[in-house]
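What follows is one structure encoded as structure tokens, with my remarks underneath.
Residue numbers (this note's numbering), protein chains in the order written: chain A, 1 to 445; chain B, 446 to 990; chain C, 991 to 1371.
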């Protein structure tokens, strides 16, 4: 969006006439990456993440002996069996620390999502992969990204550009509904489209906000200047999305307006997490099908998962450390029970995307979901072999149904593969020992 | 003669008792994002407390123990900006709606269905000065009026236009960031000082946690804040105001990390008495106790850790198992002699906040006392620790937290940290995960003996007494208040001023309002110079009155 | 509408809002009384009975309900009309409002229980019962305050027990343990906080054994404090009602952790099955067992006394709409209770005017906030 167009929008308003700026809409929206709908219109490719905490019990998730097309799930991952052909699993990809100390339940997910190892807890050394993909997609949809957290706490959201710029999660199903499907939702399949004059005014307001220079910057240091730059970028992004709302949305065949979920109890009680996760997964899939966003993040449980059953003194995380091995079973039975719930939730999430028809396939076929945890064996905070799944076919850009053993390669290879699948011109990704220029070629089409 | 008098006043104000304030190196300017509490307070103060601020704020990361410091490094990214935009539109439309416009818009348009330059100008001149914490420049005022006129014309409603223009102001960086602006210091060639407006903001957010009021802005505009006596007059006025209690409440809420209460949950089956209302009341009980003892009655800060006096409400009575004579509201309460609820660190809010949803945690509590009350950093736990040793909570051998932690601490990589946390936390083990008193755990008697930096004690009252005598406790308050006021991570260069303030605090009987006065009247508090990596041609015009 | 700063800056001059600062107690309170109080709120009460699996205590079977008597008495024409020629069950309506209208001229038999004669009530014939020996006799012979009656033997065989209310109601389906009449009433009290009984045990020096304590029975004006699952929380504070006829004080003692209250004439609040009023007792007494608490923190005990007959009958007739649910006949219950009443004979007629009754109670610890303290609070002390 050029400076000129913002100015003209404001000018137009001052003169009492709205000036709509013709965007090369579909180009911008599709990022040159789409397949086609039955109608012949191209379908955008989407990217999102799904997170669950505390991994799984080694030897009870995926059969490590069966690789390639022989991907085979064990007890804790049984819920994924129906989607075996829709996803790939990555084992034995490592997180070399280059001498940095780990912050337990933090280093793992940061490395998996940024390709860099954090220096301390709370440090986000590089943008998370969803932010990079979102930058590549550009401001083509109403929302930059839809970020959701099922734990009731907006801080439980593993996405951000840097330490001072983390994206908070929406925690309430009703809040999410209102944000996406509330009064400002424009049905892409509606017969007529009338630009909302209030949106015109809003857009001109933001245009003015973005235009007005500030002299705050003059005595500040580089870090603060970067913060101001980010501020103005944020203003421009929102402004561009408003511009989009002033034009008829492209048709979305699969789009149906979701039903309001009503007020739901929130928090870390497993019962309410499961309800909220399912509600928000279904609404999210529909929001994606309705082209409200192309990027999304869903957090089912935190890395330091405090999910707990009503009446239980122990949270999932505490159990991973303190529950003794069941002498007969040979594993932590309660922990295994929680792990089962995690993969059932993952299956619920996949199902939400897989059950929406789009073009000749499903929404899942046009989506790529990067699902990861923070640790392999939570009891010992194992950082090597953090479980990662890639789910969906990314509009035909990736193959699915594989078990890819990493042989100790850095976990950043998976993130680089994602970027290639999204059509990003990136030759290497990650820092220090995590830097890689080797995507997993056998998965890329 | 007048000059001499002024100098004398300055002397009495700052150095009447004790050593002279040390000179400290000027720090770089800070650009602090308004915290959620500040945003709410400013909107309430400027537009009235019946303006509803719905929706969530993007969180600020805690840094150096404070959100107020994290605010200096937190950006406004896309997600945060979207939220601010939503808040701004909601606030602006309430300010200009039919219920409020007669009070909040000081003039009437000639025609309510059309633009009105004069009325919009009056509105933004007044409102803008409070929101930007300085008078608007002519250009800024023109832009606001133009926007209001454009909206009014487009939507044929003066107030809707006003509202959309106000919403623009509420998302501008001048409002959302409290920024230190500098000017040349006429008394020292080549040196800088904070502009009077920036000084006013610094004092106001320190003492009242809000935007400067008219009197303070006027003092800034008249140049009064550049003289010791002018500054002292304003600081004295603000410390004497009942608003100091509001400001200090915000400070302690930040220092004690009480924002975590917003996500605090207790398992309703295990702790049926600790329902949602108890969570909020438990926070309120501690803050009310603190404000009463440190601000209202100006008591010794250290008494907070030995106090038995507090307030009680019916839902908290269920948690503490004490009678409450009124079903609604608060009543004064004093824990009887012999009761282990002694000091705020033993109150339900504190021990429940630093616990698990269904269990107490000696480690979290010990860590909280060390980090929050004593400003000491407890290292993060190492990775790869095998907890199997202490794993079985139903183990007939390890019935109590003390026994389990003891077993755990035999691991040398863990022992070091646990040694500084556990003797504090285990003393609070008579309070379960919801702060309810208990004698035993799994049928075994709980041993509450412990030790703090060489002072041994047998119960929570002893811990309170040890905290009250520990020099790190008041020093921590000084450090946090100073950091809260400046919004920056404390550096070793600040050590001399902190030491100086600690000594004065001690001499003044550890009275918080006196400490605030010392900070707000110190030179160091306002020592700011352009950032080292700022452009060499640093302009001095920004924010000049 | 308060805009502190804007208005100030506009020179409207609105004073600052007062910021409420609670004033904490400045001086130590008066020395705490040496004697303690133990407060309780009664969360449930049920007729103390002794029920066997196969109803052995009711050899004639359970009581015949009003419906059965009504249906049997209907003419074939009426039956035909009420069932639409046999096509439907005689469901509500009209059964419920008309079934009690069984007098010769369709009078309501609960309000006129002598107007028709029903088969005798099937009452408890078993020998075992629970409660207190209230008349002091081993054989139930008449005394100055009681009429001759049959006594029960306690399950452990140690005590001869008076509990004629159990004898009357024990074979009625709806009154048996866990069924509607009392289960619903307990539910209603929990839901509404009406009719809640407080027990305050004061003057306690030793909670295990104390030869002299005072037991006071109150009603409360406050709402029950509950957890998220509806359980009644212990340690809540309750203020007694000001109604002067509550607050009966009994002498008592604590023996091996049991609070034993001596007989006292008392009114207790009544709310249950949509009826509001009082329960009037003579010689009300209590045995509350503090030696073991249930997992929810509650204690159990027995509360017993002689229930005033007129007061009780007023309740029975007011719940006539439940005769269908509970399965009893008002005329039969009237006759039986007239015969079985065992307390406080009328000096003129010699007929007993009260019925011995024992109830199982569940109580959770609570604070009974004394009226004096509340007054002091109200005066801003």
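Backbone N, C-alpha and C fix where the C-beta goes; we use that ideal spot for every residue, glycine too.
Evaluate residue i with the Cβ neighbour count: other Cβ atoms within 10 Å of its Cβ, from every protein chain shown; 16 or more gives buried, anything less gives exposed.
i, result
"residue 1044 (chain C)", "exposed"
"residue 213 (chain A)", "exposed"
"residue 801 (chain B)", "buried"
"residue 376 (chain A)", "buried"
"residue 82 (chain A)", "exposed"
"residue 437 (chain A)", "exposed"
"residue 397 (chain A)", "buried"
"residue 243 (chain A)", "buried"
"residue 65 (chain A)", "exposed"
Going by DSSP in three states, residue i sits in which element: helix, strand or coil?
i, result
"residue 804 (chain B)", "strand"
"residue 27 (chain A)", "At residue 27 (chain A), the pLDDT of 36 sits below 50, so the modelled position is not reliable; the number obtained from the coordinates is stated separately. The answer is helix: DSSP assigns residue 27 (chain A) an H, G or I state."
"residue 113 (chain A)", "helix"
"residue 532 (chain B)", "helix"
"residue 942 (chain B)", "helix"
"residue 655 (chain B)", "coil"
"residue 756 (chain B)", "strand"
"residue 499 (chain B)", "coil"
"residue 561 (chain B)", "coil"
"residue 646 (chain B)", "helix"
"residue 344 (chain A)", "helix"
"residue 987 (chain B)", "Interpretation of residue 987 (chain B) is limited by its pLDDT of 40, a score under 50 that renders its predicted location unreliable; the figure taken from the coordinates is listed afterwards. Residue 987 (chain B) falls in the coil class under three-state DSSP."
"residue 250 (chain A)", "coil"
"residue 424 (chain A)", "coil"
"residue 443 (chain A)", "helix"
What's the C-alpha gap between residue i and residue j?
i, j, result
"residue 905 (chain B)", "residue 608 (chain B)", "55 Å"
"residue 426 (chain A)", "residue 71 (chain A)", "29 Å"
"residue 988 (chain B)", "residue 667 (chain B)", "Note that residue 988 (chain B) scores a pLDDT of 39, beneath 50, so its modelled location is shaky; the value from the coordinates is reported in the next line. Near 14 Å, if we compare the C-alpha coordinates of residue 667 (chain B) and residue 988 (chain B)."
"residue 254 (chain A)", "residue 44 (chain A)", "13 Å"
"residue 851 (chain B)", "residue 315 (chain A)", "22 Å"
"residue 378 (chain A)", "residue 780 (chain B)", "43 Å"
"residue 686 (chain B)", "residue 740 (chain B)", "10 Å"
"residue 1023 (chain C)", "residue 664 (chain B)", "Low local confidence applies: a pLDDT of 45 at residue 1023 (chain C) is under 50, so the model's placement there is unreliable, with the coordinate-based value given in what follows. Cα to Cα, residue 1023 (chain C) sits roughly 57 Å from residue 664 (chain B)."
"residue 109 (chain A)", "residue 374 (chain A)", "4 Å"
"residue 1379 (chain C)", "residue 1236 (chain C)", "The shown model of chain C, from 991 to 1371, leaves out residue 1379 (chain C), and the question about it has no answer."
"residue 1098 (chain C)", "residue 1258 (chain C)", "29 Å"
"residue 58 (chain A)", "residue 884 (chain B)", "40 Å"
In terms of residues, what are the limits of the beta strand (DSSP E) holding residue i?
i, result
"residue 1228 (chain C)", "1226-1228"
"residue 50 (chain A)", "46-51"
"residue 1208 (chain C)", "1200-1209"
"residue 403 (chain A)", "403-405"
"residue 1114 (chain C)", "Neither: residue 1114 (chain C) is in no beta strand (DSSP E) and is coded neither H nor E."
"residue 787 (chain B)", "Run containing residue 787 (chain B): none; DSSP gives neither H nor E here."
"residue 1192 (chain C)", "1187-1194"
Along the chain, where does the alpha helix (DSSP H) containing residue i start, and where does it finish?
i, result
"residue 1342 (chain C)", "Unbroken run through residue 1342 (chain C) is the beta strand (DSSP E), 1342-1358; no alpha helix (DSSP H)."
"residue 132 (chain A)", "129-137"
"residue 599 (chain B)", "583-600"
"residue 853 (chain B)", "846-853"
Write down the C-beta distance between residue i and residue j rounded to the nearest angstrom, noting that I regard them as a contact closer than 8 Å.
i, j, result
"residue 977 (chain B)", "residue 473 (chain B)", "7 Å"
"residue 160 (chain A)", "residue 124 (chain A)", "5 Å"
Residues in the region 608-622 of chain B with C-beta within 7 Å of chain F's C-beta atoms, listed in sequence order?
Among the chains of the structure shown, chain F does not appear; the protein chains present are A, B and C.
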